[in-house]
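Notes follow the structure.
There are 2 protein chains.
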Amino acid sequence: MSQFKINKLCIVGVGSMGGSLARALRKNDAVTTIVGYGRNLKRLEVAKALGVVNEITTELSEAINNADVIVVATPLGAMQDIFMALKDIISSESIITDVGSAKQFVIDAAKNVFGEIPTNFVPAHPIAGTEKSGVESAQADLFEQRRVILTTQTNTEASAVKTIRTMWQTCGANVVDMQVEHHDEVLAATSHLPHMLAYSLVDTLARMDDQQEIFEYAAGGFRDFTRIASSDPQMWHDICVANREQLVKMLHAFNDDLQQLTRAVEKADSGYLKDTFTRAKQARDKFCG
Amino acid sequence: MSQFKINKLCIVGVGSMGGSLARALRKNDAVTTIVGYGRNLKRLEVAKALGVVNEITTELSEAINNADVIVVATPLGAMQDIFMALKDIISSESIITDVGSAKQFVIDAAKNVFGEIPTNFVPAHPIAGTEKSGVESAQADLFEQRRVILTTQTNTEASAVKTIRTMWQTCGANVVDMQVEHHDEVLAATSHLPHMLAYSLVDTLARMDDQQEIFEYAAGGFRDFTRIASSDPQMWHDICVANREQLVKMLHAFNDDLQQLTRAVEKADSGYLKDTFTRAKQARDKFCG
């Protein structure tokens with residue numbers, strides 16, 4: 026088998042995620058030219074100076090010209106506008122993919138613009154990332170041994186799927202396929218809900234009278250627990266709006282459980298408390314141990 | 026100033042916390058003899074084999090005989106029984122201290138047994154620890170640059186307070202004084218509430234139909250976020266019961282905030298979401314950055 030190599034890759038939105046993909050492909054010698062596209066030239070210049078991309082432009086038509094793969098790595102809220110801008114200029118030879126955390130939303134945005142999902146569009150979501158944002162935090166090893174979920178549609182071209190699958194495998198990822206709705210449900214539970222809890226907890230504490238002192242006494246576990254509350258607010262706003270149907274279901278389920286736990290603490294219901302903590306510890310140790 | 030040295034230290038309950046204190050004092054050459062007391066001889070033998078303590082006994086009177094300092098490091102629920110067992114055999118020459126996370130509860134337990142707080146009892150709480158339990162996880166550096174809160178009473182002997190303060194300082198800790206109620210409030214906010222959220226989240230997910238898959242897809246942040254749900258269920262049961270008044274207040278405050286956030290997600294209230302996430306990120310970066 027000949028080595029996988031993308032001749033020209035275009036990254037639309039060179040932040041932490043797009044930048045990490047660029048670095049990973051470069052490290053694995055799997056790309057010749059990487060063009061970074063964005064609206065902010067200063068930020069693009071940083072990406073180029075850091076060696077994340079080797080060409081930059083604020084002209085989308087120039088960025089995607091002869092691109093083999095176009096990766097849309099903007100916040101979800103910007104994607105429909107990007108699709109709109111691509112609509113009349115994209116070649117059917119280019120493969121489009123994305124890295125969005127809410128797949129029904131991305132697919133709907135594409136349908137809104139193109140009428141139906143383009144056959145050369147492969148919706149994808151790498152389950153990786155840190156609380157840091159910006160191209161400065163891009164890491165070549167971000168996707169190693171992490172999962173990338175593809176939510177391909179019935180009409181997606183097999184050759185396009187194969188290219189995107191191989192692209193992520195080349196970055197060290199384990200690529201899996203999933204139904205769109207199931208993806209959105211799983212991510213609401215394991216990523217979007219925890220982010221809501223971390224943001225909400227830090228905000229609850231930050232509005233207490235003695236916030237300075239409160240945070241000074243935050244014990245060891247607290248730092249890790251709230252790390253994800255340092256994530257980019259705009260990005261998380263977009264995720265909440267984009268996946269709100271599934272997220273709201275999870276928030277209600279969690280709210281119900283927490284209220285039951287609150288009542289158990291009020292009543293000092295030892296059986297309930299020990300059962301809940303034991304079940305949680307066992308699940309955590311089993312799956313994340 | 027002569028070097029601080031405890032001739033005989035008795036640890037009642039040689040787990041992660043008591044064991045870490047023993048290791049820290051030994052490392053700093055601040056103790057001659059460390060006696061481990063507990064009801065389970067096998068566990069005490071492990072503590073001795075690991076070099077955490079150098080003497081062990083299941084006889085409390087033997088353990089505390091001639092002890093300069095007695096550290097009660099059991100779960101909170103066992104403390105009143107320990108005080109009861111100590112009542113008729115403790116010498117006024119020995120200083121008693123504890124490491125409990127809920128100070129009003131410990132003080133009430135002492136009052137229930139002794140009628141009033143013994144003047145040689147220094148209630149203390151090191152703000153340190155990990156999700157791991159058992160003497161195997163004891164670490165000599167656990168308290169370095171961490172806070173230890175003393176909630177001394179008006180009748181506490183100054184010389185006893187000085188000894189316990191110096192003992193913790195010798196372990197690298199920063200010792201501070203606090204009112205009992207304020208301690209319980211700050212800990213409810215920064216430690217007890219986050220533990221409830223972590224346990225409750227993991228339990229919510231563990232009861233979903235596709236739990237195996239749910240945990241497989243748990244992204245990077247999730248692992249850190251839920252680490253504290255691996256903490257000892259018995260210990261956390263005791264903390265919930267012991268500090269339930271302050272914890273319930275915090276649970277209600279958090280519940281209210283989370284329900285407001287849930288409504289904002291439902292309505293896709295961009296202003297509310299962005300404001301909340303931005304405020305939380307700023308607080309987190311400012312205090313824990």
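Top line first, the protein sequences correspond to chains A and B.
If you want this note's numbering, it's the position in the first sequence, counting the first as 1, plus 25.
If you want this note's numbering, it's the position in the second sequence, counting the first as 1, plus 25.
Ideal placement from N, C-alpha and C gives every residue a C-beta, glycine not left out.
Quiz prompt | CB contact flag (residue 227 of chain B, residue 305 of chain A, <8 Å) | solution = yes
Quiz prompt | Spatial neighbours of residue 48 of chain B in its chain, beta-carbon cut-off 7 Å, leaving aside the 5 residues before and after | solution = 77, 163, 164 and 165
Exercise. Report back the beta-carbon spacing between residue 276 of chain A and residue 99 of chain B to the nearest angstrom; my notes put them in contact at under 8 Å.
Key: Rounded, the Cβ-Cβ distance is 38 Å, inconsistent with contact.
Quiz prompt | Residue nearest to residue 284 of chain A in terms of C-alpha spacing, selected from B/221, B/293 and B/301 | solution = B/221
Practice problem: Go through its chain and collect everything with a Cβ distance to residue 196 of chain B's Cβ below 6 Å, but skip five positions before and after it. | Solution: 49 and 168
Practice problem: Could you list which residues in chain A have their beta carbon closer than 7 Å to that of residue 233 of chain B, in chain order? | Solution: 214
Quiz item: So, helix, strand or coil for residue 29 of chain B, using DSSP?
Solution: coil
Practice problem: Using beta-carbon positions only, say whether residue 269 of chain B and residue 127 of chain A come within less than 8 Å of one another. | Solution: no
Self-check item: Interface residues of chain A facing residue 291 of chain B [CB-CB closer than 8 Å]
Solution: 269 and 273
Quiz item: Does the separation of the CB atoms of residue 114 of chain B and residue 86 of chain B fall below 8 Å?
Solution: yes
Practice problem: Look at the alpha carbon of residue 89 of chain B and the alpha carbon of residue 117 of chain B, and state the distance between them as a whole number of angstroms. | Solution: 11 Å
Quiz item: By a C-beta neighbour count over all protein chains shown, 10 Å radius and 16 as the cutoff for buried, is residue 72 of chain A buried or exposed?
Solution: buried
Self-check item: the ligand MN heavy atom lying under 7 Å from the CB of residue 149 of chain B
Solution: The ligand content of the structure shown is nil, which means the ligand MN is not present either.
Quiz item: So with Cβ pairs under 8 Å, would you call residue 26 of chain B a contact of chain A?
Solution: Note that residue 26 of chain B scores a pLDDT of 48, beneath 50, so its modelled location is shaky; the value from the coordinates is reported in the next line. Residue 26 of chain B does not count as touching chain A.
Quiz item: For the putative contact between residue 135 of chain B and residue 146 of chain B, defined by C-beta atoms under 8 Å, what is the C-beta separation to the nearest angstrom?
Solution: 6 Å
Exercise. Report yes if the C-beta distance between residue 96 of chain A and residue 37 of chain A is below 8 Å; otherwise report no.
Key: yes
Quiz prompt | Beta-ladder partner(s) of residue 80 of chain A, from DSSP | solution = A/60
Quiz item: Do residue 105 of chain B and residue 60 of chain B come within 8 Å of each other at the CB atom, strictly closer than that value?
Solution: no
Self-check item: residue 120 of chain B versus residue 291 of chain A - alpha carbon distance
Solution: 34 Å
Quiz item: So residue 179 of chain A packs on residue 186 of chain A, CB below 8 Å; how close in whole Å?
Solution: With 8 Å as the limit, residue 179 of chain A and residue 186 of chain A do not qualify as a contact, their Cβ atoms being about 12 Å apart.
Quiz item: How long is the line joining the alpha carbons of residue 241 of chain A and residue 69 of chain B, rounded to whole angstroms?
Solution: 35 Å
Self-check item: Start-to-end residues for the alpha helix (DSSP H) that takes in residue 281 of chain A
Solution: 269-291
Quiz item: So what does residue 151 of chain B bridge to, in DSSP terms?
Solution: B/173
Self-check item: Stretch-stretch touch, CB-based, cutoff 8 Å, three pairs: the segment 249-262 of chain A with the segment 244-263 of chain B
Solution: yes
Quiz item: Any idea which residues DSSP pairs residue 202 of chain A with across the strands?
Solution: A/175
Quiz item: How long is the line joining the alpha carbons of residue 26 of chain A and residue 175 of chain A, rounded to whole angstroms?
Solution: The predicted position of residue 26 of chain A is uncertain, since its pLDDT is 48 and thus under 50; a value taken from the coordinates is nonetheless stated next. If I take the Cα positions, the gap works out to 23 Å.
Quiz item: Are residue 317 of chain A and residue 209 of chain A close, meaning C-beta to C-beta below 8 Å?
Solution: Past the boundaries of the shown model lies residue 317 of chain A; chain A is included only from 26 to 314, so the question cannot be answered.
Exercise. Helix, strand or coil for residue 240 of chain B, going by three-state DSSP, please let me know.
Key: helix
Exercise. Consider the Cβ of residue 310 of chain A: report whether some Cβ of chain B lies at a distance smaller than 8 Å.
Key: yes
Exercise. Establish whether the CB of residue 284 of chain A and some CB of chain B are separated by less than 8 Å.
Key: yes
Self-check item: Option in B/212, B/302, B/152 and B/161 with minimal Cα separation from residue 17 of chain B
Solution: Outside the shown range of chain B (26 to 314) lies residue 17 of chain B, about which nothing can therefore be said.
Quiz item: I think residue 205 of chain A touches residue 40 of chain A, with their Cβ atoms under 8 Å apart; what is that distance to the nearest whole Å?
Solution: That pair is no contact at about 24 Å.
Quiz prompt | For residue 265 of chain A, three-class secondary structure by DSSP | solution = helix
Quiz prompt | Min CB distance residue 177 of chain A to chain B below 8 Å | solution = no
Quiz item: So, is the C-beta of residue 45 of chain A closer than 8 Å to a C-beta in chain B?
Solution: no
Quiz item: Looking only at its own chain, which residues have a Cβ that is under 8 Å from the Cβ of residue 261 of chain B, when we skip the five neighbours before and after it?
Solution: 220 and 224
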